[in-house]
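Since the structure comes first, as structure tokens, the remarks are kept for the end.
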Amino acid sequence: MRNRIIVLVATELVAMAYSIATDAVDYSKGIFFVNEDWYGHQNSSVNFLVPDDPDGDFWHYRVIRQENPGMELGCTNQFGALWNGKLYFISKQEKDPGANISGGRITVADASTMKIIHQQERIDPSGAQCDGRAFVGVDEHKAYISTSNGVWIFNTDKNLIIGQIAGTSNPNAGSDDKPNTDPTGALYHGQCGTMILASGKVFVAHQQYGLLVIDSVADNVTDIISMDVVQEGAGIGAMVRSKDGDIWLSVAKNRQGTGAFLNYIVRVEPESLNYEIIEISADMYPPGNSWYAWTPDAFVASSVQNCLYWKGGPNRWFTGSIIYKYDIDTRTQSVFVNLEDDPDDWKLYGCSLGVDPISDEVYMSLYHNFGTPVYIVRRYDADGKKIRDYEMIQNYWFPSHLLFPQQPEASSIDSITADTISLSYSGDMLHIMGAEGLDCSVYNMQGRRLCYFIVESEKSSVTLSLSSGIYLVKVGNVTQKIAI
């Protein structure tokens, strides 16, 4: 054991020295791997992979620490998000018990430099128990942060928590005296998890209530879809949004965080809230779920194909070695990669699975077992053919979330101007030309958003049931007044 520790330390010192000596990293071209890291020993970390580096310099380790000497993330950081030029990292606690530096439950960094802009130890301003889970950007001034006790509104201009959304809190919070690290405590039976912004609403996975629907302007819960619609006592797992705009939910067998699942997934249409319950074949597995030690889950969507990917296994979240691909258009499930056939006995760790939004290639973090600090990242093409492995320095990384800075340019959103977009109104119809794929919002003159949708085609018409007056229509980066 002593020899292993010496090797680990020496390897990490070499990696740190190498990282300091290298030139500035272009953080717009690569993949961020957010790591839980080694609980009980050190705070969480972020590694950056440049998969096609011509010189083979693929890995840049612990980039937050490298770019911010003397500063670190918090403890068990499971989630990161890119929003309006910034990176938002959400940790469960502000400091690992074995770390020397206190980070934060919320860390905000410049996405191009990794320089930390803001950190804060607490999410609940009162100081009450409230551990971080996920983040979703709402608009240029506001975001939501989900936690072990509700969803909180975060002012992104001032980097300030300004309140909790009523109806999202944990009904079990404070009902026992177990510490926040004990997954058997009441804290872990009414958490909020993954969140998605769609159709002017934010959808939230709530461990006890199911799918919460929040008006993203009024900041209040408008609808709840209980997983009792699947089976009495069922709970929600995680959720993703597919290329066609629908939201997909995994289903937990119960609400106690045991990791057990039901053989279903649920499709929700975000505008109407209509849902469809889809049964998974008995000879395959649905997405796993993790509430007892929350993670975003290995449940992701392609931006190129209308399909989903997930990890499935015989009973619990950690047992899955099979990666499935689900074709939404044909409603068919197939095995994408079966790691049980891997001759080197690699397994997918946790939720560390992601799809490149441009190349449609699939990346995943692989490991052997919990007691071995050996990890690689494997890259597959869209057909499940292995492209290559990326070896890593030894460390108990326990990787979590993948972030892809580069986004598709097919819609040419940044290049659209008022000259290329045409808006007109007649009868009850708003007519839009030249804005396919863009977000469209309609506001009254007091600034309240009245409706939101995505422009579906080059020539699109949408019914607006509004009283006579002057309104603002924002399409992409173009805003125009219309008279009704």
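Our numbering applies: residue 6 is where the sequence shown begins, and numbers increase by one. We treat Cβ as the ideally placed atom computed from N, Cα and C, and that holds for glycine. All values reported here derive from a predicted model rather than from experimental measurement.
Checklist entry - Ends of the alpha helix (DSSP H) at I426? => result To locate residue 426, count along the sequence shown from 1; it is residue 421. Element bounds for I426: n/a, residue is neither H nor E.
Checklist entry - Tell me, which residues are paired with C284 by DSSP? => result For the purposes of this step, residue 284 is taken as the residue at position 279 of the sequence shown. For the sequence presented, residue 284 should be read as Glu rather than Cys. Residue pairing by DSSP puts E284 in a beta bridge opposite Y269.
Item to check | Beta-carbon spacing of W64, Y401 below 8 Å | outcome: Working through the sequence shown from its first residue, we reach residue 64 at position 59. Working through the sequence shown from its first residue, we reach residue 401 at position 396. No, these two residues do not count as a Cβ contact at 8 Å.
Item to check | Start and end residues, alpha helix (DSSP H) containing Q71 | outcome: Taking the first residue of the sequence shown as position 1, residue 71 is located at position 66. Here the alpha helix (DSSP H) through Q71 covers V68 to E72.
Checklist entry - Any idea which residues DSSP pairs M232 with across the strands? => result As a working note, residue 232 is residue 227 in the sequence shown. Residue pairing by DSSP places M232 opposite no residue, since no beta bridge is assigned to it.
Next on the checklist: Quick check: what's the CA-CA separation for N73 versus T118?
Outcome noted: Within the sequence shown, residue 73 is the residue found at index 68, counting from 1. Within the sequence shown, residue 118 is the residue found at index 113, counting from 1. Their backbone Cα atoms lie some 10 Å apart in a straight line.
Item to check | Rounded straight-line distance, which links the Cα of W253 to that of Q134 | outcome: In the sequence shown, residue 134 corresponds to position 129, counting from 1. In the sequence shown, residue 253 corresponds to position 248, counting from 1. Straight-line Cα distance between these residues: approximately 30 Å.
Item to check | Assigned exposure category for H211 - 16 Cβ within 10 Å defines buried | outcome: Taking the first residue of the sequence shown as 1, we reach residue 211 at position 206. With 16 or more other Cβ atoms within 10 Å, it is buried.
Checklist entry - Quick one, are the C-beta atoms of I219 and V207 less than 8 Å apart? => result Start at 1 with the first residue of the sequence shown, and residue 219 comes out as number 214. Start at 1 with the first residue of the sequence shown, and residue 207 comes out as number 202. In this structure, V207 lies closer than 8 Å to I219 by Cβ.
Item to check | Inter-residue Cα distance where the pair is T263 and F38 | outcome: Start at 1 with the first residue of the sequence shown, and residue 263 comes out as number 258. Start at 1 with the first residue of the sequence shown, and residue 38 comes out as number 33. Roughly 26 Å separates the two Cα atoms.
Item to check | Spatial neighbours of D350 in its chain, beta-carbon cut-off 7 Å, leaving aside the 5 residues before and after | outcome: Reading the sequence shown from its first residue, position 345 is the one you call residue 350. Answer for D350: H373, listed in chain order.
Next on the checklist: Let's see if you can read the secondary structure: which residues bound the beta strand (DSSP E) around C34?
Outcome noted: The residue you call residue 34 lines up with position 29 of the sequence shown. Residue identity differs from the one stated: residue 34 is Lys in this sequence, not Cys. Taken as a continuous stretch (DSSP letters only), K34 belongs to no beta strand (DSSP E), as it is neither H nor E.
Checklist entry - Between the beta-carbon of D115 and the beta-carbon of K91, is there less than 8 Å? => result Here the question's residue 115 lines up with position 110 in the sequence shown. Here the question's residue 91 lines up with position 86 in the sequence shown. Taking the C-beta atoms as reference points, K91 is found nearer than 8 Å to D115.
Checklist entry - Which of the three DSSP states, helix, strand or coil, is assigned to Y354? => result Residue 354 sits at position 349 when you count from the first residue of the sequence shown. DSSP places Y354 in strand when its eight states are reduced to three.
Item to check | With 16 other Cβ atoms within 10 Å as the buried cut-off, status of K163 | outcome: Position 158 of the sequence shown, counted from the start, is the residue given in the question as residue 163. Classification for K163: exposed.
Item to check | Whole-angstrom C-beta distance between M232 and A243, which should lie under 8 Å | outcome: Taking the sequence shown and counting its residues from 1, the one referred to as residue 243 is at position 238. Taking the sequence shown and counting its residues from 1, the one referred to as residue 232 is at position 227. Incorrect: roughly 12 Å between the Cβ atoms, too far for contact.
Next on the checklist: For Y149, tell me which candidate among K183, I106 and V226 has the shortest Cα-Cα distance.
Outcome noted: Against the sequence shown, residue 149 aligns to sequence position 144. Among K183, I106 and V226, the Cα nearest to that of Y149 belongs to V226.
Next on the checklist: Suppose you measure from the CA of V360 to the CA of N40; what does that come to, to the nearest Å?
Outcome noted: Start at 1 with the first residue of the sequence shown, and residue 360 comes out as number 355. Start at 1 with the first residue of the sequence shown, and residue 40 comes out as number 35. Spanning the two alpha carbons is a distance of roughly 17 Å.
Item to check | Boundaries of the beta strand (DSSP E) in which I333 is found, first to last residue | outcome: Counting from 1 along the sequence shown, the entry for residue 333 is found at position 328. Neither: I333 is in no beta strand (DSSP E) and is coded neither H nor E.
Checklist entry - Looking only at its own chain, which residues have a Cβ that is under 8 Å from the Cβ of L471, when we skip the five neighbours before and after it? => result What you label residue 471 is simply residue 466 of the sequence shown in a count that begins at 1. Spatial neighbours of L471 in its own chain (CB-CB distance under 8 Å, excluding positions within 5 residues in sequence) are listed in chain order as V447, L455 and I489.
Item to check | Nearest to K479 (by Cα), restricted to the options L435, V367, E463 and S462 | outcome: Reading the sequence shown from its first residue, position 474 is the one you call residue 479. By alpha-carbon distance to K479, the top candidate from L435, V367, E463 and S462 is L435.
Item to check | Beta-carbon proximity list for H123, same chain, < 7 Å, skipping 5 on both sides | outcome: The sequence position of residue 123 within the sequence shown is 118, counting from 1. Answer for H123: V113 and N164, listed in chain order.
Checklist entry - When burial is assigned at 16 or more other CB atoms within 10 Å of the CB, is V340 buried or exposed? => result As a working mapping, residue 340 is identified with position 335 in the sequence shown. V340 is exposed by the Cβ-count criterion.
Checklist entry - To the nearest whole angstrom, what separates the beta carbons of E281 and N268, a pair I think is in contact under 8 Å? => result Here residue 281 refers to the residue found at position 276 when the sequence shown is read from its first residue. Here residue 268 refers to the residue found at position 263 when the sequence shown is read from its first residue. About 15 Å; that fails the 8 Å criterion.
Item to check | Member of Q213, L371 and D365 whose CA lies at the smallest distance from the CA of G389 | outcome: As a working mapping, residue 389 is identified with position 384 in the sequence shown. Comparing alpha carbon positions, the residue from Q213, L371 and D365 closest to G389 is D365.
Item to check | Integer Cβ distance of C80 from S151, believed to fall under 8 Å | outcome: Against the sequence shown, residue 80 aligns to sequence position 75. Against the sequence shown, residue 151 aligns to sequence position 146. Not really, about 17 Å apart at Cβ, beyond 8 Å.
Item to check | Beta carbon of L408 nearer than 8 Å to that of I95 | outcome: Indexing the sequence shown from 1 puts residue 408 at position 403. Indexing the sequence shown from 1 puts residue 95 at position 90. Contact: no.
Item to check | I327 burial status per 10 Å Cβ neighbour count (16 or more: buried) | outcome: On the sequence shown, position 322 is the one that residue 327 refers to. By the neighbour-count rule (16 or more Cβ atoms within 10 Å), I327 is buried.
Item to check | Continuous beta strand (DSSP E) stretch holding Y395: start and end | outcome: On the sequence shown, residue 395 is found 390 positions in, with the first residue counted as 1. First-last of the beta strand (DSSP E) with Y395: K391 to E396.
Next on the checklist: Is it buried or exposed, K34, if we count other Cβ atoms within 10 angstroms and call 16 or more buried?
Outcome noted: If you number the sequence shown from 1, residue 34 lands on position 29. K34 comes out exposed.
Next on the checklist: In whole angstroms, give me the CA-to-CA distance for D419 and T484.
Outcome noted: Residue 419 sits at position 414 when you count from the first residue of the sequence shown. Residue 484 sits at position 479 when you count from the first residue of the sequence shown. Reliability fails at D419, whose pLDDT of 31 lies under 50, so the model's placement of it is uncertain and the value that follows must be treated cautiously. Whole-angstrom Cα-Cα distance: 14 Å.
Checklist entry - Could you give the residue range of the beta strand (DSSP E) that holds D444? => result Here residue 444 refers to the residue found at position 439 of the sequence shown. Boundaries of the beta strand (DSSP E) harbouring D444: D444 to N449, taken from the DSSP string.
Next on the checklist: DSSP three-state label for D144, please.
Outcome noted: By one-based count along the sequence shown, residue 144 stands at place 139. Residue state, collapsed to three classes: strand.
Checklist entry - Are the beta-carbon atoms belonging to Y331 and C312 less than 8 Å from one another? => result Taking the sequence shown and counting its residues from 1, one reaches residue 331 at position 326. Taking the sequence shown and counting its residues from 1, one reaches residue 312 at position 307. The answer is yes: Cβ separation under 8 Å.
Checklist entry - With C-beta atoms as the reference, is D251 less than 8 Å away from V271? => result What you label residue 251 is simply residue 246 of the sequence shown in a count that begins at 1. What you label residue 271 is simply residue 266 of the sequence shown in a count that begins at 1. Their beta carbons are not under 8 Å apart, which means D251 does not touch V271 by this criterion.
Checklist entry - Taking C-beta to C-beta, are Q404 and Y354 nearer than 8 Å? => result Within the sequence shown, the letter at position 399 stands for residue 404. Within the sequence shown, the letter at position 349 stands for residue 354. Reading off the sequence, residue 404 comes out as Pro, not Gln. For P404 and Y354, yes; Cβs fall inside 8 Å.
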